[in-house]
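Undergrad:
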Amino acid sequence: MPVVADILIPLALDTAYSYAVPAGLDLAAGDIVQVPLGPRETIGVVWGLDERASGGNLRPVTGRVEAPPLSESLRKLVDWLARYTLAPKGSALAMALRLPDETARNEAPRIGVRPSGKPPARQTVARGKVMAVAADGAVRGKSVLAKEAGVSLSVVDGLIDDGALETVALMPEPVALPPDPDHPRVPLSEAQAEAAHALIANAAAPAETVTGETVLLEGVTGSGKTEVYFEAVAECVRQGRQALVLMPEIALTAQFLDRFAGRFGVRPATWHSGIGGRRRERLRAGVAAGEVSVVVGARSALFLPFRNLGLIVVDEEHETAYKQEDGVHYHARDMAVVRGKIEGCPVVLASATPSIESRVNAQSGRYRHVVLPGRFGGRPLPDIAAIDMRLDKPERGRFLSPPMVNAVKATLASGDQALLFLNRRGYAPLTLCRACGHRYQCRNCSTWLVEHRFRRALVCHQCGYAERKPEACTECGAFDHLTPCGPGVERIAEEVTELFPEQRIVVLSSDFPGGAERLRQELETVAAGECDIVIGTQLVAKGHNFPHLTLVGVLDADIGLTSGDPRAAERTFQLLQQVTGRAGRGERPGRALVQTYQPEHPVIAALLSGDADRFYEEEIWAREAAGLPPFGRLAALIVSAEEREKAEAHGQGLARVADPPAGVTVLGPAEAPLALVRGRWRFRLLVKTERGIDVQSYLRDWLARGPKPRGNLKVAIDVDPQSFL
């Protein structure tokens, strides 16, 4: 009986295609194969095999691709993800399937040098230094030899050309050295040791007895959560299993990697968009073979083909960066919990400010709750006070209130660092003409253009469109009437430079030139105490340890509180709690000052009181009363098209056939708050259901009855939306 293979192709297709398996080609589920699709060849994954009559009209599988197959657990994750998000199964597969890059296969070999035994034809002082270092006969890289000898690379090249040094091919550099779980480390505090014991007990259990338990590891900023879950990672490595640590901003985690090396003796393997070429291919193969023990990665690392996954850690689990907002809309934290269940491995969610969903799951007993109530070493939490901007107004044209300026002066006088936090990039969020009132808006989006003085441009933060800032108003032609409205970090830096001209100032913003490498260097500068004042956006709030920082000044605590987003209060509290927690993590106590126009707001009041439990209790009560997640469910349909009328008409057509059953409410269509993005008009429909409703089944039925998208019109589905813009 001929064998038929059901092949899933990593395209926006929801079904597997059937192909005949040629005689002599042995395939198994999960194998990656090459198959014909229309007039071209493509790749796919064997999703199933069946001995059945093919009718003789099936096209044959071309052959197997030499790449690690997808494990059964990873295929189950793809199936689960597609069902939950209503994404085409092929789109979900595309995130888990990464084929070897043919250009990466041709990676240049590593070349080392050693003495050939022939003396240099011409001797110089620099050449003598090189030959003295190389005299031990060891093979070194050219740059390493030049550095050890204290000479330029051209001296080494000259000795190679002269024949005094010979080149030798080196083995490829390993993608990651094996971590040592018993590497000497700083002793844990009593609270840390108790929390670590709770995590280790699960990680140490035999693989066949582990049930995929989820643990919420909650601890105040500076409590040492990282060191605690490191112990679970160490136990996982001792058991011969693999561990995955997810990070929200992997490109900015040099400090974390150093801490990992301090605990395990080596750095872990890292996986993110900046890892490319042959190294990415080798890392993926090492994970599949079980040779790579620990991977630290961005959300995409969740789909790596681990051979024996024994632990998943989601650090800063509350971060919105874990939600993918394009393509397949999924939340990496939630998918980590799902993969833990499928793999039968424990999952640790770590945060100082957990999401409401995780807090409720811990309170209900669905997750185990492990708490670190105090900072490591008994250090106190920072004192937090509000500056009422209605009473302590800044000078005209300035944005730092007098109490904030005085606090910075006092901090600098004591030899400490100060951080001024404003979650707004650029120089000013709006530029207008005082003569005619014209406001500069993006031509592709319904957003104002943000002035960036270091680029001398007006930039859209949605689509990246940029234009040169004009000298005269493009509407009325008036000169010297263009006015920046409101502050960004660049404008704050300008003000701080005028106030403190002798101080060393560092501005940390994700859109500054130099990218992640520049940010890494700047963060190291701050951590080493080599600057006096730090001005930064939200990226400074993400788990960094600045031991010399004793003052945090929040310049606009009210940003986000007026948003219609149901998670606005939660996100604002988390951000402010995280950023104020940067203060006082070293030997000296810290404090934080919060500039606000509404100190009586529940979020600000909870922050000032230091009573996080009070905020969570009030927010959880409000969510439950409104039937919002996690007590109810939400799903969004975003209808977009290049023509506004087309998008609106399609949204209205969907609404007419919604026919929601009991327990389901359909709202909209309404124009999205950001109605125009990248040249596409957007209308939103929101589905709100009771907790027990199968919202995916309802959505599938609704879309099957609704009008079908045509032309450039698209309908995106977002189950459990995090953004409402």
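15 is the number of the first residue of the sequence shown in the numbering used here; add one for each residue after it.
Just so it is clear, CB atoms sit at the ideal spot from N, CA and C, and this is done for glycine as well.
#1: Helix, strand or coil for G500, going by three-state DSSP, please let me know.
#2: For the beta strand (DSSP E) that A400 lies in, which residues bound it at each end?
#3: Taking 8 Å as the cut-off, decide whether the C-beta atoms of F144 and V170 are in contact.
#4: Enumerated in chain order, which unbroken segments of the beta strand (DSSP E) with a length of 3 residues or greater are wholly contained in the region 41-84?
#5: Using 8 Å as the threshold, is the C-beta distance between L436 and V503 below it?
#6: For R382, verify whether its CB is less than 7 Å away from any heavy atom of the ligand MG.
#7: CB-CB under 6 Å to D732, same chain, minus the five flanking residues each way: which ones, in chain order?
#8: If we ignore side chains and look at the alpha-carbon of each, how far apart do L25 and K722 end up?
#9: Using three-state DSSP, classify V18 as helix, strand or coil.
#10: What's the call for L22, buried or exposed, on a 16-neighbour Cβ count within 10 Å?
#11: Could you give the DSSP three-state label for L563: helix, strand or coil?
#12: One question on the structure: do C499 and A442 come within less than 8 Å of each other, judged by their Cβ atoms?
#13: Within 10 angstroms of its Cβ, does L405 collect 16 or more other Cβ (buried), or is it exposed?
#14: Here's a check: name, in chain order, each residue in its chain whose Cβ is nearer than 8 Å to the Cβ of Y712, leaving out the five neighbours to either side.
#15: Do you know how far the Cα of E662 is from the Cα of G578?
#16: Please work out which residues of its chain come closer than 6 Å, Cβ to Cβ, to K355, disregarding the five sequence neighbours upstream and downstream, and give them in chain order.
#17: Alpha carbon to alpha carbon, how far is V259 from V306? Give it in angstroms, no decimals.
#18: With a threshold of 8 Å between beta carbons, is L258 in contact with chain C?
#19: Can you list, in chain order, the residues of its chain whose CB lies under 6 Å from that of P129, leaving out five sequence neighbours each side?
#20: According to DSSP, simplified to helix, strand and coil, what is Y33?
#21: Out of T586, L642, A636 and R647, which one is the CA nearest neighbour of I618?
#22: Tell me the DSSP bridge mates of K337?
#23: So A606 is in the beta strand (DSSP E); what residue range does that whole segment cover?
#24: Please name the residue in Q476, A449 and F468 whose C-alpha comes closest to that of Q455.
#25: Please check the pair H332 and G311, which I expect to be a contact at CB under 8 Å, by giving their CB distance rounded to whole angstroms.
#26: For I652, name the three-state secondary structure that DSSP assigns.
#27: Counting only the same chain and skipping the five closest in sequence on each side, list residues whose C-beta sits under 6 Å from that of A730.
#28: Would DSSP call K132 helix, strand or coil?
#29: The beta strand (DSSP E) that contains L231, what's its start and end?
#30: Could you pull the start and end residues of the beta strand (DSSP E) that F697 belongs to?
#31: Short of 8 Å in beta carbon distance, which residues of its chain neighbour P36, apart from the five on each side in sequence? Order them along the chain.
#32: If you check the beta carbons only, do V384 and A350 fall under 8 Å apart?
#33: Considering only the beta carbon of each residue, do R389 and G236 sit closer than 8 Å?
#34: Three-state secondary structure (DSSP) at K556?
#35: Going by DSSP, what residues sit across from R482 in a beta bridge?
#36: My output table needs one value for R119: the three-state DSSP class, helix, strand or coil.
TA: Let me lay it out:
#1: Counting from one through the sequence shown, the residue named residue 500 turns up at place 486. The answer is coil: DSSP assigns G500 none of H, G, I, E or B.
#2: As a working mapping, residue 400 is identified with position 386 in the sequence shown. Residues D397 to D402.
#3: Here residue 144 refers to the residue found at position 130 of the sequence shown. Here residue 170 refers to the residue found at position 156 of the sequence shown. Reading off the sequence shown, one finds Val at residue 144, where the question assumed Phe. Yes; because the gap between Cβ atoms is below 8 Å, this pair is in contact.
#4: 46-51 and 54-65
#5: Position 422 of the sequence shown, counted from the start, is the residue given in the question as residue 436. Position 489 of the sequence shown, counted from the start, is the residue given in the question as residue 503. Yes, the Cβ-Cβ distance between L436 and V503 is below 8 Å.
#6: No copy of the ligand MG appears in this structure; indeed no ligand is present at all.
#7: Position 718 of the sequence shown, counting from 1, holds the residue named residue 732. Excluding sequence neighbours, D732 sits near H343 and A650.
#8: In the sequence shown, counting from the first residue as 1, residue 25 sits at position 11. In the sequence shown, counting from the first residue as 1, residue 722 sits at position 708. Straight-line Cα distance between these residues: approximately 20 Å.
#9: Along the sequence shown, one-based indexing puts residue 18 at 4. Strand.
#10: Translated into positions along the sequence shown, residue 22 becomes position 8. Looking at its Cβ environment, which holds 16 or more other Cβ atoms inside 10 Å, L22 is buried.
#11: On the sequence shown, residue 563 is found 549 positions in, with the first residue counted as 1. In this structure, L563 counts as strand in the three-state DSSP scheme.
#12: Here residue 499 is taken as the residue at index 485 of the sequence shown, counted from 1. Here residue 442 is taken as the residue at index 428 of the sequence shown, counted from 1. Against a cut-off of 8 Å, the Cβ pair of A442 and C499 comes out as a contact.
#13: Counting from 1 along the sequence shown, the entry for residue 405 is found at position 391. By the neighbour-count rule (16 or more Cβ atoms within 10 Å), L405 is not buried but exposed.
#14: Residue mapping note: residue 712 aligns to position 698 of the sequence shown, counting from 1. For Y712, where only same-chain residues beyond five positions count, the Cβ hits under 8 Å are P674, P675, V678, V701 and T703.
#15: Reading the sequence shown from its first residue, position 564 is the one you call residue 578. Reading the sequence shown from its first residue, position 648 is the one you call residue 662. Taking the straight line from one Cα to the other gives about 21 Å.
#16: As a position in the sequence shown, residue 355 is number 341, starting the count at 1. Excluding positions up to five away in sequence, the list reads G226.
#17: Position 292 of the sequence shown holds residue 306. Position 245 of the sequence shown holds residue 259. One C-alpha to the other measures close to 13 Å.
#18: Protein chain content of the structure displayed is limited to a single chain, and chain C is not contained in it.
#19: Mapped onto the sequence shown, residue 129 falls at position 115. The answer, listed in chain order, is A148.
#20: Taking the first residue of the sequence shown as 1, we reach residue 33 at position 19. If DSSP states are grouped into helix, strand and coil, Y33 belongs with the strands.
#21: If you number the sequence shown from 1, residue 618 lands on position 604. Out of T586, L642, A636 and R647, T586 has the C-alpha closest to the C-alpha of I618.
#22: Indexing the sequence shown from 1 puts residue 337 at position 323. Paired residues: H345.
#23: Working through the sequence shown from its first residue, we reach residue 606 at position 592. Here the beta strand (DSSP E) through A606 covers R605 to T610.
#24: Within the sequence shown, the letter at position 441 stands for residue 455. Closest option to Q455, Cα to Cα, is Q476.
#25: Walking along the sequence shown from the start, residue 332 turns up at place 318. Walking along the sequence shown from the start, residue 311 turns up at place 297. Between G311 and H332 the Cβ distance is about 18 Å, and since that is not below 8 Å, they are no contact.
#26: Here residue 652 refers to the residue found at position 638 when the sequence shown is read from its first residue. Shown here, I652 sits in a strand according to DSSP, grouped into three states.
#27: As a first step, residue 730 must be located in the sequence shown, where it is residue number 716. These residues qualify, in order along the chain: I652.
#28: Taking the first residue of the sequence shown as position 1, residue 132 is located at position 118. Correct three-state label for K132: coil.
#29: Here the question's residue 231 lines up with position 217 in the sequence shown. Where L231 is concerned, the enclosing beta strand (DSSP E) stretches over T228 to G233.
#30: In the sequence shown, the residue the question calls residue 697 occupies position 683. Unbroken beta strand (DSSP E) run through F697: R694 to E704.
#31: For the purposes of this step, residue 36 is taken as the residue at position 22 of the sequence shown. Within the same chain, P36 has close Cβ partners P74 and V75.
#32: Looking up residue 384 in the sequence shown gives position 370. Looking up residue 350 in the sequence shown gives position 336. Against a cut-off of 8 Å, the Cβ pair of A350 and V384 comes out as no contact.
#33: Here residue 389 is taken as the residue at index 375 of the sequence shown, counted from 1. Here residue 236 is taken as the residue at index 222 of the sequence shown, counted from 1. Against a cut-off of 8 Å, the Cβ pair of G236 and R389 comes out as a contact.
#34: Reading the sequence shown from its first residue, position 542 is the one you call residue 556. If DSSP states are grouped into helix, strand and coil, K556 belongs with coil.
#35: To locate residue 482, count along the sequence shown from 1; it is residue 468. For R482, which the question treats as bridged, DSSP gives the partners A471.
#36: Here the question's residue 119 lines up with position 105 in the sequence shown. Its pLDDT being 48, under 50, R119 is placed unreliably in this model, and the coordinates cannot settle the point.
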